[in-house]
């Protein structure tokens, strides 16, 4: 029998960006909040020895321990789902700050088109443009409605950037100027301008200069050390929840964080949650935390998994297309880029930052005419300089052997002589892409793992090939002296090579309880005191990194929780 | 008969010890520990000369047998050979790196999901075997010697470099058919861990003296490139390792 703890106003499941933002906003208004985090505490001092590629990037120091919990995967229903035994395609965060600690800091706003994707696609191209089985739908909110929340997130995090000429309208400029430009970035800019494209510096959470945010949190500028993705920042220059929102919540004295607390069920009485059941993993003790409001802010997979295990909300059924929990799982189409080899010049490619890049949206969203194309949406195209660390970066021109004398010579030669232009493609949902509970494999507590059923579609292959050609045109203009490689081909989705930790969907937002799990405050249609926050709310994934939009939605949800609390109940929409 | 030290007898030499203990049969040395002891002649001490560099105490085996180590060291060197650009995997200590990695978490797949049931899957579902990395290495190394023996009548590390390449290619392409593990998957792991051994921070036992990083002008652990990032010219820097944080 679980030990019952005193009731609190709000309990938060997972303390990353979503949890940190919700906690800072609610405690500011006087609510008592408990944050349950399954991982350990984290702080900037932990990263004293962070420039360690083997430990952090290759051995996944900061990621979830897969021996305790993983996911299972199959390409389609007829295939047996098997566990992801080692990391590959995406990396699952854990610990205080979650994935918000080891992200790169690329902070976009999704396009106005994204939020009304179905209406706008039909309006411009007709219903027939949407292929059979593609389940795109409007998000139940517009870009203009979400704009103030984007702005709030950017000001809190101190995003460094300049206006996207093809993006949604902004109420104010970015709080800090763009990052410094490298030679490679200047070359990309020049090439893109020659082609009449619209390049802009990628909005970055790695601060371009020292910044004090509206909460009074001061952070130092980025040092371009080249250790961002998969690493924590030893300067606190990269915005993460631990150096921004969490201390603000803690300062109120109303936010209690309990680490090593693994939430296993949402407890509910019919359609009203009463709290959560969790295990203290240091003692094995089961505890019940009663609360008036439950906010799920764990990663996509655990938001879905917790709802399904707790039997809250209607599970999605791909056979009928009915039900909502687990619906519209989407990912990111990362293949489709181009590489240029420069025999005659060396670049300082060892230096960089996670969000140091220039990009363009000429081929993203519906910024270009798709009338004669066999796909919709597109990709943000960019040249980034993240810092090429030596274990993971040994690209050699095609035709060079993968080991031996020739490999060694070529990999050394091109270590600082290779630039690539990449496309981050949107991933649109299909009826047969979904999340549910695995019937065979269990986690360390004996609970079922989440199961992913997903593959790339013709839409993705067409988009990848198209964008690869565009990347090729830009790199060609940049004038590599040796060789250009264009990666047009997108194979089946393979869980082994790293692609992107941009998994989305499963608890999607929308205008109707028939087709979505949460309303535009991320309040569950079927359980009014449960809010489900994160990229799980995305009805599809855009051609961008998701965190900017997750941040905006988190502020929106925080406002929803407060409204709900003040109004004393009921649906907010 | 008990040995006495009456001044006429030499102390028991290593060779005599081995002979007497039956490890040397008809003058032919059995491999492994005995062989390595036998071939070692202590360097004469010459007073007045510069002292030898401090011993690298990290270069001792945590997991491999000496026989396994020889196979791995030879294979690493073919994957990343010494050439006019500089040292290869052997001098850089990649085989020691792999040995040390297999001795710990990574070798035991401690942070991987290793629960049953085990079913063969599609390639896109990733590794689905029950064997741990250290077991895969044990089998892979043994099979490299077996294959070398059956095709060339020699152990892998006794082959000429070109012959070693032929063996590695046979593993890489799955021309070697193994029942327990995939030859190509083992090769892939060997290749990947060789590069890790060449380029990880020297604290792990490879990338000796940061010479792996020097090959490609990688500056290692630097606190800031704020002064470098905007420069058009390539900036060459002497590398630093994580050790610099504490010494």
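Residue numbers (our numbering), protein chains in the order written: chain A, 39 to 611; chain D, 37 to 283. Every residue gets a Cβ at the ideal spot worked out from N, C-alpha and C, and that includes glycine.
If we define contact as Cβ-Cβ less than 8 Å, is residue 243/A a contact residue for chain D?
No - not a single Cβ of chain D is within 8 Å of the one on residue 243/A.
Is it true that the CB of residue 570/A sits closer than 8 Å to the CB of residue 563/A?
Contact flag unset, no.
Reducing DSSP to helix, strand and coil, say where residue 112/D ends up.
It is helical.
Among the residues of its own chain, which have a CB less than 8 Å from the CB of residue 227/A, if the five just before and after it don't count?
Cβ neighbours of residue 227/A beyond the five flanking positions: 219, 237 and 396.
Would you verify that the beta carbon of residue 198/D is, or is not, closer than 8 Å to some beta carbon of chain A?
So, not an interface residue.
For residue 524/A and residue 376/A, which I take to be in contact (beta-carbon distance under 8 Å), what is that distance rounded to the nearest angstrom?
The pair is a contact, with the Cβ atoms about 5 Å apart (cut-off 8 Å).
How is residue 417/A classed by DSSP in three states: helix, strand or coil?
Three-state DSSP puts residue 417/A in a strand.
Pop quiz: residue 179/A and residue 153/A are said to be a contact at Cβ under 8 Å. What is the actual Cβ separation, rounded to whole angstroms?
Contact flag correct, Cβ pair sits at about 6 Å.
Which of the three DSSP states, helix, strand or coil, is assigned to residue 294/A?
Note: residue 294/A maps to strand in three-state DSSP.
Against chain A, with Cβ distances strictly below 8 Å, would residue 151/D count as a contact?
Closer than 8 Å to some Cβ of chain A, the Cβ of residue 151/D qualifies, so yes.
Please confirm whether residue 55/A and residue 138/A have their CB atoms less than 8 Å apart.
Yes, Cβ-Cβ distance for residue 55/A and residue 138/A is below 8 Å.
Say whether chain A places a C-beta atom closer than 8 Å to the C-beta of residue 212/D.
By this cut-off, residue 212/D is not an interface position.
Check the DSSP bridge columns for residue 398/A and list the partner residues they point to.
Bridge partners of residue 398/A: 419/A.
Is DSSP giving residue 358/A helix, strand or coil here?
In this structure, residue 358/A counts as coil in the three-state DSSP scheme.
With 7 Å as the limit, tell me which residues of the stretch 256-283 of chain D have their beta carbon closer than that to any beta carbon of chain A; keep them in chain order.
Residues 257, 258, 259, 260, 261, 262, 264, 265, 266, 267, 268, 270, 271, 278 and 281.
By the DSSP assignment, the beta strand (DSSP E) with residue 299/A in it spans what residues?
299-307 is the span of the beta strand (DSSP E), which, as asked, contains residue 299/A.
Taking its Cβ as the centre, do 16 or more other Cβ atoms sit within 10 Å of residue 86/A, making it buried, or is it exposed?
Its Cβ having fewer than 16 others within 10 Å, residue 86/A is exposed.
On a Cα-Cα basis, can you pick out the residue from 476/A, 522/A, 313/A and 429/A that is closest to residue 568/A?
Ranking the options by Cα distance to residue 568/A, first place goes to 313/A.
Note down, in chain order, every chain A residue with its Cβ under 7 Å from the Cβ of residue 117/D.
Within 7 Å Cβ-Cβ: 442, 443 and 446.
Examine chain A for any beta-carbon lying closer than 8 Å to the beta-carbon of residue 129/D, and answer yes or no.
With 8 Å as the cut-off, residue 129/D does not count as an interface residue toward chain A.
In terms of residues, what are the limits of the beta strand (DSSP E) holding residue 475/A?
Taken as a continuous stretch (DSSP letters only), the beta strand (DSSP E) holding residue 475/A covers 472-480.
Count the other CB atoms within 10 Å of the CB of residue 116/A; is the residue buried (16 or more) or exposed (fewer)?
Label assigned to residue 116/A: exposed.
Under 8 Å between the Cβ atoms of residue 418/A and residue 462/A?
Yes. Within cutoff.
Would you mind stating whether residue 129/D and residue 99/D have Cβ atoms separated by less than 8 Å?
No, the pair does not count as a contact, with Cβ atoms beyond the cut-off.
Examine chain A for any beta-carbon lying closer than 8 Å to the beta-carbon of residue 220/D, and answer yes or no.
Answer no: the Cβ-Cβ gap between residue 220/D and chain A never drops below 8 Å.
Give me, in chain order, the residues of the same chain whose beta-carbon lies closer than 7 Å to that of residue 607/A; leave out the 5 immediate sequence neighbours on both sides.
Counting only Cβ-Cβ distances below 7 Å, and skipping sequence neighbours, we find 566.
Distance, Cα to Cα, residue 284/A vs residue 81/A?
Taking the straight line from one Cα to the other gives about 11 Å.
Looking at the unbroken alpha helix (DSSP H) that takes in residue 144/A, where does it start and where does it end?
Segment: none, residue 144/A is in no alpha helix (DSSP H) and carries neither H nor E.
Where does the unbroken alpha helix (DSSP H) through residue 589/A begin, and where does it stop?
First-last of the alpha helix (DSSP H) with residue 589/A: 585-605.
Shorter than 8 Å from the beta carbon of residue 160/D to some beta carbon of chain A?
Yes, residue 160/D counts as interfacial toward chain A.
Can the beta-carbon of residue 122/D be found closer than 8 Å to that of residue 247/D?
Yes. Within cutoff.
Of all the residues that make up the stretch 155-182 of chain D, which are near chain A by a beta-carbon distance shorter than 8 Å?
Flagged, chain order: 155, 157, 158, 159, 160, 161, 162, 163 and 164.
Give the DSSP bridge partners of residue 365/A, in chain order.
Residue 365/A is bridged to 544/A.
Would you call the CB atoms of residue 272/A and residue 88/A closer than 8 Å?
Contact flag set, yes.
Which runs of the alpha helix (DSSP H), 4 residues or longer, sit entirely within the stretch 178-211 of chain D?
With a minimum length of 4 residues, the continuous alpha helix (DSSP H) runs that stay inside the stretch 178-211 of chain D are 197-208.
Does residue 194/D get closer than 8 Å to chain A when you measure Cβ to Cβ?
Residue 194/D does not count as touching chain A.
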